[in-house]
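Going by the UniProt record's numbering, the first residue of the sequence shown is number 1, and it counts up by one from there. Glycine included, every Cβ here is placed at the ideal spot set by N, Cα and C. Values in this document were obtained by computation on a predicted structure and should not be read as measured data.
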Amino acid sequence: MSNLENPKNWRFTWEAQSHSPNLRLFLFDSQAKPSVQCRNLEVQLNLSQSHLLVSWLKVGEKEEVSLRVPIPRVLIDSEAPVSFRALDDHIEIKLVLLLPVDHPIVSSFDLMLDSSGYNAPSLDAAKPLVMGTDLKSLSSMEGVHFYCRKCSTRLTKSPLRNFVEMPSIDWREVADNWFGGCCCSFGGISEKLVTRFANSYRCAKGVCLLNFTTILLFKDDLVAFKLYNGTYEYQPRPDFSSDSGLSEDMLSSQERTNDLCEKLSSIHLKDNSVSTSALVTKEKASGNENFSALPLSDFSETETSVRGCCVHTADHIQNHFDEGSQHSVPETCPVDQNTSQLLANQKLFLNGFLGNVFMAKSYNLSMDIDWMEFVCPNCLSLLGAFPFYNGAAPIDGGVRLFKCYVSTSSSAGGSGDLFRKYSLERMFTNQLVENAKDELSFRTLIRDFKTKSPLLQIVLLNPNSWCCSGYCLDTTSAAESILKLDLLPIIKVIFSDCGETPASQPRVHEDWITRNVADVVCMFARQVDELIKSLSSAKDILPPSYNFLQGLPLSSLQR
1 MSNLENPKNW RFTWEAQSHS PNLRLFLFDS QAKPSVQCRN LEVQLNLSQS
51 HLLVSWLKVG EKEEVSLRVP IPRVLIDSEA PVSFRALDDH IEIKLVLLLP
101 VDHPIVSSFD LMLDSSGYNA PSLDAAKPLV MGTDLKSLSS MEGVHFYCRK
151 CSTRLTKSPL RNFVEMPSID WREVADNWFG GCCCSFGGIS EKLVTRFANS
201 YRCAKGVCLL NFTTILLFKD DLVAFKLYNG TYEYQPRPDF SSDSGLSEDM
251 LSSQERTNDL CEKLSSIHLK DNSVSTSALV TKEKASGNEN FSALPLSDFS
301 ETETSVRGCC VHTADHIQNH FDEGSQHSVP ETCPVDQNTS QLLANQKLFL
351 NGFLGNVFMA KSYNLSMDID WMEFVCPNCL SLLGAFPFYN GAAPIDGGVR
401 LFKCYVSTSS SAGGSGDLFR KYSLERMFTN QLVENAKDEL SFRTLIRDFK
451 TKSPLLQIVL LNPNSWCCSG YCLDTTSAAE SILKLDLLPI IKVIFSDCGE
501 TPASQPRVHE DWITRNVADV VCMFARQVDE LIKSLSSAKD ILPPSYNFLQ
551 GLPLSSLQR
């Protein structure tokens with residue numbers, strides 16, 4: 001049997017676009033030239049068995065060649081004509097849909113399948129990844145162990161039960177927008193709340209901090225602690241409270257800070273001025289609630305507008321009480337100077353402390369902080385990252401584990417694994433699309449976390465495509481053997497492996513960033529190597545005429 005006659009040599013790829021009621025099929029074989037070899041091409045739609053029957057006559061012969069192509073779960077308009085044509089390197093077939101693949105009604109069918117016991121992992125892959133902190137699902141369990149997804153090695157000493165959601169990456173900007181970003185008026189309150197906020201989210205034993213891409217565990221909660229280049233022995237972490245000069249009461253004052261936020265949020269602004277006459281704080285003493293107020297009229301315009309006015313305001317408040325004022329300000333008043341003190345390493349790490357280490361923005365990284373790979377103690381596969389100050393002292397005791405490399409069950413990917421929907425490819429795609437929305441740039445350069453050398457250039461072409469691929473069946477195969485296909489959400493990209501660029505041309509990448517106003521992010525080299533392999537293999541699901549665009553490889557990644 002020649003290549004042209006063997007169905008297993010023919011590959012199919014279904015492709016659809018969001019908001020478009022069309023479904024396109026590519027049929028191709030690397031050894032075939034359909035425009036010449038496929039005469040009398042015919043296509044029959046068999047909806048009852050969910051397949052297409054494609055047949056043609058071999059050149060110079062009367063023998064017919066037939067292929068069966070499974071159809072994915074979509075709503076096809078059976079009354080619409082089927083269009084097809086034979087091109088140089090592939091056969092193209094188009095079907096008309098009743099509804100686009102991302103229509104809400106189609107999504108409701110997926111929910112029905114989910115409730116009827118449809119394969120959950122398969123259904124997860126058929127929907128775009130919506131990343132969350134997973135706080136609710138993890139907290140609902142009696143206790144959670146974390147495992148290496150590759151070798152199922154248990155990573156945690158004991159089950160974790162205390163889960164806390166970390167704030168969004170722009171948490172500092174939110175504080176500035178609410179209270180003001182300058183050093184006057186409410187700006188001082190913003191800085192002090194940010195400081196207390198950072199202190200309240202330090203790593204602690206038995207507590208798991210969560211964000212969209214990572215889980216943050218204290219190193220003592222792990223069975224073993226191994227870095228990429230071997231085991232690192234740590235000295236006990238210094239106590240932040242003693243080094244920063246903060247009293248134990250100040251560090252445990254999160255409840256009072258929250259009360260302050262509630263009071264400040266109730267202040268109404270009218271005509272760009274504060275309509276209330278006082279700032280109110282609350283203190284609990286001996287089980288009673290005591291309120292104290294400081295009239296805003298006591299602050300002069302000069303004291304709230306000149307440079308260093310926060311210091312002037314603090315001095316004025318102190319004088320106000322020294323003069324025997326009837327108002328009593330509690331020890332945890334937001335203008336207390338001590339609450340704004342942070343350790344040097346905390347100041348350096350403040351932006352990235354609660355940020356996204358999985359795919360870090362270059363402007364959020366500090367030259368004084370080195371990120372090292374945290375690996376599985378058994379198989380040495382990458383699991384996460386750990387920060388160091390100047391390559392020697394650890395910033396904190398927290399290990400950032402990437403959700404795509406860990407599982408919550410010893411059977412990774414099963415129904416009991418809460419992280420089964422996460423993969424490196426899908427997490428990267430999700431972050432790439434989000435960055436494109438935030439930065440208004442569809443071009444990204446990825447650098448190495450350690451060396452800062454360029455690794456990958458990628459340009460986002462289409463963030464809303466759907467596809468599935470496989471190999472054709474012959475007509476003798478049983479109807480039950482036809483695959484049940486789901487269209488998978490993907491993005492279309494063109495990319496360039498920077499490792500193939502000569503080392504003597506580093507300015508080529510810098511010029512590309514400047515010329516295209518490209519976004520710059522940092523990832524570990526091992527992650528980028530894995531992404532490049534995925535991109536290289538994904539471009540083969542389309543015929544050769546679709547493998548390049550503008551001289552760069554055209555590929556896709558799953559959303």
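* Proximity of THR13 and LEU382 at Cβ, strictly below 8 Å -> For the purposes of this step, residue 13 is identified with residue 13 of the sequence shown, where counting begins at 1. For the purposes of this step, residue 382 is identified with residue 382 of the sequence shown, where counting begins at 1. For THR13 and LEU382, no; Cβs fall outside 8 Å.
* Asked: Quick one: what's got a C-beta closer than 6 Å to SER409's C-beta in the same chain, skipping five residues either side?
  -> As a working mapping, residue 409 is identified with position 409 in the sequence shown. GLY416 and ASP417.
* Asked: Given a threshold of 16 other Cβ atoms within 10 Å of its Cβ, counted over all protein chains shown, does TYR405 qualify as buried or as exposed?
  -> Within the sequence shown, the letter at position 405 stands for residue 405. So TYR405 ends up on the buried side.
* Asked: How would you call LYS437, buried or exposed, if buried means at least 16 neighbouring beta carbons within 10 angstroms?
  -> In the sequence shown, counting from the first residue as 1, residue 437 sits at position 437. By the 10 Å Cβ count, LYS437 comes out exposed.
* Using a Cβ-Cβ cut-off of 7 Å (strictly less than) and excluding sequence neighbours within five positions of PRO100, which residues of its own chain qualify? -> By one-based count along the sequence shown, residue 100 stands at place 100. Counting only Cβ-Cβ distances below 7 Å, and skipping sequence neighbours, we find SER18, HIS19, SER20 and PRO21.
* Asked: What number of angstroms, rounded off, separates the C-alpha of ASN430 from the C-alpha of ASP497?
  -> Your numbering for residue 430 matches position 430 in the sequence shown. Your numbering for residue 497 matches position 497 in the sequence shown. Rounded to whole angstroms, ASN430 to ASP497 spans 20 Å at the Cα level.
* Name the two residues that bound the continuous alpha helix (DSSP H) containing LEU131. => In the sequence shown, the residue the question calls residue 131 occupies position 131. Looking at the sequence itself, residue 131 is Met, so the reference to Leu does not match. Run containing MET131: none; DSSP gives neither H nor E here.
* Between which two residues does the alpha helix (DSSP H) containing ASP438 stretch? -> Along the sequence shown, one-based indexing puts residue 438 at 438. Its alpha helix (DSSP H) spans residues 424-439.
* Asked: Just the Cα atoms here: how many angstroms apart are SER137 and ILE369?
  -> Here residue 137 corresponds to residue number 137 of the sequence shown, with the count starting at 1. Here residue 369 corresponds to residue number 369 of the sequence shown, with the count starting at 1. Taking the straight line joining both Cα atoms gives about 33 Å.
* To do: Using three-state DSSP, classify ASN516 as helix, strand or coil.
  => Mapped onto the sequence shown, residue 516 falls at position 516. In the structure shown, ASN516 sits in a helix (DSSP, three-state: H, G or I).
* Between which two residues does the alpha helix (DSSP H) carrying VAL36 extend? -> What you label residue 36 is simply residue 36 of the sequence shown in a count that begins at 1. Element bounds for VAL36: 34-37.
* Grouping DSSP H, G and I as helix and E and B as strand, with all else coil, what is ASN378? -> Here residue 378 refers to the residue found at position 378 of the sequence shown. Coil.
* Asked: What's the C-alpha gap between ARG85 and GLN44?
  -> As a first step, residue 85 is located in the sequence shown; it is residue number 85 there, counting from the start. As a first step, residue 44 is located in the sequence shown; it is residue number 44 there, counting from the start. Each residue's alpha carbon lies about 14 Å from the other.
* According to DSSP, which residues form a beta bridge with CYS468? -> Counting from 1 along the sequence shown, the entry for residue 468 is found at position 468. Paired residue(s): TRP14.
* Asked: In three-state terms, what does DSSP make of VAL82?
  -> For the purposes of this step, residue 82 is taken as residue 82 along the sequence shown, with counting starting at 1. VAL82: coil per DSSP, three-state reduction.
* What is the C-beta distance between VAL378 and THR153, in whole angstroms, given that I count them as a contact (C-beta under 8 Å)? -> As a first step, residue 378 is located in the sequence shown; it is residue number 378 there, counting from the start. As a first step, residue 153 is located in the sequence shown; it is residue number 153 there, counting from the start. A small fix is needed here, since residue 378 is Asn in this sequence, not Val. Contact holds; Cβ gap of about 4 Å.
* Alpha carbon to alpha carbon, how far is GLU425 from PRO81? Give it in angstroms, no decimals. => By one-based count along the sequence shown, residue 81 stands at place 81. By one-based count along the sequence shown, residue 425 stands at place 425. The alpha-carbon atoms of PRO81 and GLU425 are separated by roughly 37 Å.
* Going by C-alpha distance, which of GLU510, LEU485 and GLU439 is nearest ALA126? -> Stepping through the sequence shown from its first residue, residue 126 is reached at position 126. Comparing Cα-Cα distances from ALA126 to each of GLU510, LEU485 and GLU439, the minimum goes to LEU485.
* Asked: In its own chain, which residues sit with a C-beta less than 6 Å from the C-beta of ALA412, not counting the 5 before and 5 after it?
  -> In the sequence shown, the residue the question calls residue 412 occupies position 412. Within the same chain, ALA412 has close Cβ partners ARG149.
* Distance, LYS58 Cα to GLU64 Cα -> Counted from its first residue, the sequence shown places residue 64 at position 64. Counted from its first residue, the sequence shown places residue 58 at position 58. Between GLU64 and LYS58, the C-alpha separation is close to 7 Å.
* Asked: Cβ of VAL207 less than 8 Å from any chain B Cβ?
  -> As a matter of chain content, chain B is missing from the structure shown, which is built from one protein chain.
* Asked: Alpha carbon to alpha carbon, how far is SER423 from ASN40?
  -> Taking the sequence shown and counting its residues from 1, one reaches residue 423 at position 423. Taking the sequence shown and counting its residues from 1, one reaches residue 40 at position 40. Their backbone Cα atoms lie some 44 Å apart in a straight line.
* For ASN272, which residues of its own chain have a beta-carbon under 8 Å away from its beta-carbon, when the five flanking residues on both sides are left out? -> For the purposes of this step, residue 272 is identified with residue 272 of the sequence shown, where counting begins at 1. At ASN272, the pLDDT of 39 sits below 50, so the modelled position is not reliable; the number obtained from the coordinates is stated separately. There are no such residues.
* Asked: Between the Cα of PHE146 and the Cα atoms of ASP221, THR451, GLU165 and ASN9, which residue gives the shortest distance?
  -> Start at 1 with the first residue of the sequence shown, and residue 146 comes out as number 146. Of the listed residues, the one whose Cα sits closest to PHE146 is ASP221.
* Tell me where the beta strand (DSSP E) around ASP448 begins and ends. => To locate residue 448, count along the sequence shown from 1; it is residue 448. Looking at the DSSP string, the run of the beta strand (DSSP E) that includes ASP448 is 443-448.
* Please say whether THR213 and LYS403 have beta carbons closer to each other than 8 Å? => The sequence position of residue 403 within the sequence shown is 403, counting from 1. The sequence position of residue 213 within the sequence shown is 213, counting from 1. Contact flag set, yes.
* Asked: Nearest to ASP134 by CA position, among LYS421, ASP448 and PHE442, is which residue?
  -> Your numbering for residue 134 matches position 134 in the sequence shown. Residue LYS421 is the option with its Cα nearest to ASP134.
* **CA-to-CA distance, LYS192 to SER300, given in whole angstroms** => Start at 1 with the first residue of the sequence shown, and residue 300 comes out as number 300. Start at 1 with the first residue of the sequence shown, and residue 192 comes out as number 192. Summary for SER300: the model assigns pLDDT 38, below 50, so the residue's position carries little reliability, and this model does not support an answer.
* Rounded to whole angstroms, how far is the Cβ of LEU460 from the Cβ of ILE491, which I believe are closer than 8 Å? -> Reading the sequence shown from its first residue, position 460 is the one you call residue 460. Reading the sequence shown from its first residue, position 491 is the one you call residue 491. Right, the Cβ-Cβ distance comes to about 6 Å (below 8 Å), so this counts as a contact.
* **Which of helix, strand or coil DSSP assigns to ASP511** => Within the sequence shown, numbered from 1, the residue matching residue 511 stands at position 511. Reduced to three states, the DSSP call for ASP511 is helix.
* To do: Give the secondary structure of SER20 by DSSP, where H, G and I count as helix, E and B as strand, and everything else as coil.
  => For the purposes of this step, residue 20 is taken as the residue at position 20 of the sequence shown. Coil at SER20, not helix or strand.
* Apply the 10 Å Cβ neighbour rule to MET427 and answer buried if 16 or more other Cβ atoms are within range, or exposed otherwise. => Within the sequence shown, numbered from 1, the residue matching residue 427 stands at position 427. Its Cβ being crowded by 16 or more others within 10 Å, MET427 is buried.
* **Through-space distance from ARG507 to ILE446, alpha-carbon basis** => Taking the first residue of the sequence shown as 1, we reach residue 446 at position 446. Taking the first residue of the sequence shown as 1, we reach residue 507 at position 507. Whole-angstrom Cα-Cα distance: 15 Å.
* **Rounded C-alpha distance that separates LYS157 from GLU373** => The residue labelled residue 157 in the question sits at position 157 within the sequence shown. The residue labelled residue 373 in the question sits at position 373 within the sequence shown. So the alpha carbons of these two residues sit roughly 20 Å apart.
* Could you check what DSSP says for LEU25 in three-state terms: helix, strand or coil? => Here residue 25 refers to the residue found at position 25 when the sequence shown is read from its first residue. LEU25: strand per DSSP, three-state reduction.
* Asked: Assuming TYR471 and LYS33 make a contact with CB atoms under 8 Å, what is their CB distance in whole Å?
  -> Within the sequence shown, the letter at position 471 stands for residue 471. Within the sequence shown, the letter at position 33 stands for residue 33. That pair is no contact at about 19 Å.
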